[in-house]
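Chains as they are written, first to last, in this note's numbering: chain B, 2 to 110; chain Z, 63 to 643. All residues carry an ideal CB built from backbone N, CA and C; glycine is no exception.
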Ligand SMILES: Cc1ncc(C[n+]2csc(CCOP(=O)(O)OP(=O)(O)O)c2C)c(N)n1
Ligand SMILES: [Mg+2]
C-alpha cells in the first residue's frame with residue numbers, strides 16, 4: 002500500500018462530487034486528502050476538448066485531486082470505477098489516464 | 063419535432079415519455095406526484111398500472127424490462143414512496159436492468175427544511191443507480207428524460223432516478239416543449255465496437271485451446287447476443303455453461319450445454335470450468351457465487367473476457383485477453399476473424415474434452431433418481447414440481463422466481479431454450495421479486511404463459527400485488543413450493559450450524575393460501591400428495607383466464623445440490639447430504 006494521487010476532470014454539476022466520494026466509501030477505499038477547484042485555464046485540457054469534440058465553458062468543469070493509500074490492482078479498479086461515473090470526464094494516476102473509456106498510457110491531467 | 067407546444071412541466075413529462083416510446087408506467091400516487099398524476103389522467107397514450115406497494119412497481123417494471131429488453135418505467139411520490147422503491151431499484155442495479163424511476167419531491171423552496179414527506183431520494187438511491195437527475199428547471203424536463211433513457215439503456219444498462227420537485231410540474235407554468243432527437247452526454251461514451259487486435263488475440267487463444275469452456279452471463283442477454291453466441295459455437299463446438307443470470311442465452315436442451323455453473327451449478331459445469339485451459343467469459347462478471355475461492359479458481363485456464371464494462375474485467379479474476387465493447391459486436395468480430403482463419407481451427411481436437419465431460423455428466427449429472435418412489439408414502443419433491451411445470455408448459459413459459467431453494471430448483475430443472483424467459487433476481491437476491499415481476503412480464507406479453515415459481519416465504523413479501531393482478535386481470539400461474547420454512551436458510555443451518563433452525567420456521571402460522579387467493583378474487587389449488595401432483599398442475603394451467611395460486615406442499619427436508627464447498631475450488635461440491643466429490 003502506497004500513497005497515490007488521483008486527478009479527475011469532471012462536470013461541475015450538482016451531486017457530481019458526492020458521487021465520487023460516495024464511490025470511495027461504497028467500494029471500501031479510503032480518502033486521505035481531497036481538493037476541488039473550478040477549472041479556469043482550459044489550455045491544459047485541449048486534448049480532452051478535441052477528443053470529446055466539445056468546448057469547455059467558464060464554470061463548467063472542475064479539477065479534483067484525491068490522495069489515497071491503495072495497492073496496484075485496486076488502483077486500476079478505482080480508476081475504472083471512477084471513469085464509469087457519468088459526470089467524470091477523465092481520471093488519471095501517475096501512469097495512466099482514462100478518458101471516457103479510452104485508456105491512455107500516461108498521466109495527462 | 064418541429065412543432066413547439068406550450069405545456070406544463072407535468073404535461074411535458076408525459077409527452078416526453080410518450081415521445082420516448084414508453085407505453086406503460088408502474089406507479090403509486092402521493093402528494094408530491096399529484097400534478098403528474100393529473101397529467102396522466104388527461105392523456106391517453108400511456109397506461110399507468112396502479113400497484114399496491116412501490117416495491118411492486120419497481121419489480122414489475124424490472125420484469126417488463128427483462129422480458130422485453132425495453133426500459134421499465136416507475137413513478138412514485140416523495141418520502142415513503144421513494145424509499146419503498148429502493149429495494150426494486152437496487153435489484154435492477156445489481157442485475158444491470160434498464161429502468162427509469164421518476165420520484166416526486168417536495169417543492170424546491172421546501173427542500174432541506176424537513177418538510178412533510180421530504181427525503182433525499184438522490185442521496186438514498188445514489189449507490190444503487192447508474193445515474194440520477196434532479197429537475198431544477200422545468201424547461202430541462204424533455205432533455206433530462208432523453209438523457210435518462212439513453213443512460214439507462216446503453217453500455218451496461220441500469221436504473222436511473224429522476225427526482226422532480228413538485229413546483230416543476232405545476233399546472234400554471236407553461237414551457238416550450240420540444241423533444242430532443244438525441245442525447246448527447248460528452249462525459250459518457252460506453253464502448254461498442256471492440257479493438258481488432260484484442261479480437262485477434264482472442265481468436266489465437268481459441269484456436270490453440272484443447273479444453274475451452276464458454277461461460278456466458280446476463281451481459282450476453284442484455285446485449286441481445288443469442289444469435290451470435292449460437293453461431294460462434296456452431297464453429298467452436300465448445301462446451302458452454304450459463305450463469306444464473308444468463309440462463310436461456312444458449313439453448314439448455316442443446317447437447318453442448320452443461321447447465322448452470324457456480325454455487326448450485328451442475329457437476330459437469332463446475333468440473334469443466336475447473337479443468338479448462340481456456341475460459342471464454344461473455345458478459346459475465348466472475349462474482350463470488352461463480353468463482354467460490356478466487357485463488358483456487360480454474361488454475362490452468364487462460365481467460366478471455368468480453369464485456370462492455372471496463373470495471374468488470376480483471377476485478378476478481380485477472381483476464382489474459384480483455385475485449386471491451388458490446389458483447390454482440392465483439393462476438394460478431396470474433397466470428398468474422400475466426401472464419402478467416404478457419405483452416406487453423408479443428409473442433410475434432412476437442413473430442414477427448416467432450417468425452418471427459420460426458421463422463422462427468424453421466425456420473426453426477428442433475429437427473430439423479432428423483433422418482434425413486436412416487437407413491438403417497440413419500441412427500442412431493444420440489445424438483446419434481448418444477449419438472450412437471452416444465453413439461454406442462456412445454457418449456458415455453460416465462461418463468462419468474464423469488465429467492466431460495468425453489469429458485470435454484472427452478473433454475474436447474476426448467477430448461478430455458480431462449481433468452482429473456484427466465485426472470486429472477488440474481489445479484490441482489492430479492493425475496494418478493496417473483497410476483498410483481500410476473501405482472502410486468504404479463505403486461506408485456508398478455509398471450510404468453512407466465513409462471514411464478516416461488517416459496518411460501520418469498521411470496522408473502524409482495525403478496526399484496528394479488529390485488530393488482532385482479533384489477534388488471536392478469537392470469538399468472540403462481541407455483542408456491544411450500545416447504546413451510548425459509549428453506550435455503552434452513553439448508554445452511556443444516557450444513558453449517560449443526561441443524562439449529564434459528565428463526566427459519568414459522569410454527570404453524572402460515573396463512574391458508576387457498577382462502578387468501580380466493581379473497582383476492584383468484585383460484586387456489588392445494589396439492590399435498592404425489593398422486594395429485596400432475597393432474598392438479600394440469601388443471602391449474604388449463605384455466606387460461608384465471609390467476610391460479612397452486613400451493614404445493616413438498617418435502618421440507620430436501621436440500622439443493624450440487625453445492626460448492628465453502629471457500630474452495632469449483633471441483634469440490636456436495637452432491638447430496640452425505641456425498642462430497
Ligand atoms: C428480502 C430478503 N430477505 C432475506 C433474504 C435471505 N433469504 C434467502 S433465501 C431465504 C428463504 C426463502 O424462503 P422461501 O421463499 O420459502 O424459499 P425456500 O428456500 O423455502 O424455497 C431467505 C430468508 C433474502 N434473500 N431476501
Ligand atoms: Mg420455503
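Throw me the rounded Cβ distance for the residue i and residue j pair, which I believe falls under 8 Å.
i: residue 563(Z); j: residue 470(Z); result: That pair is no contact at about 19 Å.
i: residue 274(Z); j: residue 314(Z); result: That pair is no contact at about 20 Å.
i: residue 488(Z); j: residue 157(Z); result: 6 Å
i: residue 101(Z); j: residue 72(Z); result: 4 Å
i: residue 248(Z); j: residue 53(B); result: 5 Å
So the candidates are the options; which of them puts its Cα closest to the Cα of residue i?
i: residue 168(Z); options: 452(Z), 371(Z), 375(Z), 232(Z); result: 232(Z)
i: residue 620(Z); options: 226(Z), 335(Z), 166(Z), 637(Z); result: 637(Z)
i: residue 467(Z); options: 130(Z), 617(Z), 161(Z); result: 617(Z)
i: residue 523(Z); options: 92(Z), 108(Z), 150(Z); result: 150(Z)
i: residue 307(Z); options: 345(Z), 402(Z), 171(Z), 340(Z); result: 345(Z)
i: residue 104(Z); options: 387(Z), 75(Z), 417(Z), 340(Z); result: 75(Z)
i: residue 143(Z); options: 192(Z), 175(Z), 196(Z), 89(Z); result: 89(Z)
i: residue 282(Z); options: 177(Z), 131(Z), 259(Z), 417(Z); result: 131(Z)
i: residue 461(Z); options: 147(Z), 152(Z), 93(Z), 309(Z); result: 309(Z)
i: residue 417(Z); options: 330(Z), 363(Z), 349(Z), 377(Z); result: 330(Z)
i: residue 285(Z); options: 218(Z), 495(Z), 414(Z), 585(Z); result: 218(Z)
i: residue 107(Z); options: 236(Z), 81(Z), 134(Z), 492(Z); result: 81(Z)
i: residue 289(Z); options: 312(Z), 212(Z), 299(Z); result: 312(Z)
i: residue 254(Z); options: 264(Z), 270(Z), 269(Z), 215(Z); result: 215(Z)
i: residue 420(Z); options: 404(Z), 182(Z), 300(Z), 483(Z); result: 300(Z)
Look at the alpha carbon of residue i and the alpha carbon of residue j, and state the distance between them as a whole number of angstroms.
i: residue 356(Z); j: residue 333(Z); result: 15 Å
i: residue 410(Z); j: residue 24(B); result: 48 Å
i: residue 64(B); j: residue 10(B); result: 5 Å
i: residue 394(Z); j: residue 551(Z); result: 43 Å
i: residue 190(Z); j: residue 122(Z); result: 18 Å
i: residue 442(Z); j: residue 561(Z); result: 22 Å
i: residue 520(Z); j: residue 476(Z); result: 19 Å
i: residue 370(Z); j: residue 546(Z); result: 42 Å
i: residue 556(Z); j: residue 374(Z); result: 34 Å
i: residue 101(B); j: residue 425(Z); result: 49 Å
i: residue 230(Z); j: residue 166(Z); result: 10 Å
i: residue 14(B); j: residue 251(Z); result: 18 Å
i: residue 481(Z); j: residue 527(Z); result: 26 Å
i: residue 107(B); j: residue 98(B); result: 6 Å
i: residue 59(B); j: residue 12(B); result: 11 Å
i: residue 386(Z); j: residue 260(Z); result: 9 Å
i: residue 67(Z); j: residue 242(Z); result: 14 Å
i: residue 360(Z); j: residue 529(Z); result: 48 Å
i: residue 30(B); j: residue 88(B); result: 20 Å
i: residue 624(Z); j: residue 465(Z); result: 17 Å
i: residue 363(Z); j: residue 490(Z); result: 28 Å
Please confirm whether any heavy atom of ligand 1 lies closer than 7 Å to the CB of residue i.
i: residue 571(Z); result: no
i: residue 108(Z); result: no
i: residue 499(Z); result: no
i: residue 492(Z); result: yes
i: residue 543(Z); result: yes
i: residue 156(Z); result: no
i: residue 37(B); result: no
i: residue 551(Z); result: yes
i: residue 523(Z); result: yes
Decide if residue i is buried, meaning its Cβ has at least 16 other Cβ atoms within 10 Å, or exposed.
i: residue 45(B); result: exposed
i: residue 666(Z); result: This structure cannot settle anything about residue 666(Z), because the visible part of chain Z is limited to 63 through 643.
i: residue 322(Z); result: buried
i: residue 628(Z); result: exposed
i: residue 367(Z); result: buried
i: residue 654(Z); result: The structure shown does not extend to residue 654(Z), since chain Z spans only 63 to 643, so no value can be given for it.
i: residue 388(Z); result: buried
i: residue 103(B); result: exposed
i: residue 41(B); result: exposed
i: residue 2(B); result: exposed
i: residue 298(Z); result: buried
Is residue i near ligand 2 - that is, is its Cβ less than 7 Å away from at least one heavy atom of it?
i: residue 527(Z); result: no
i: residue 118(Z); result: no
i: residue 547(Z); result: yes
i: residue 518(Z); result: yes
i: residue 466(Z); result: yes
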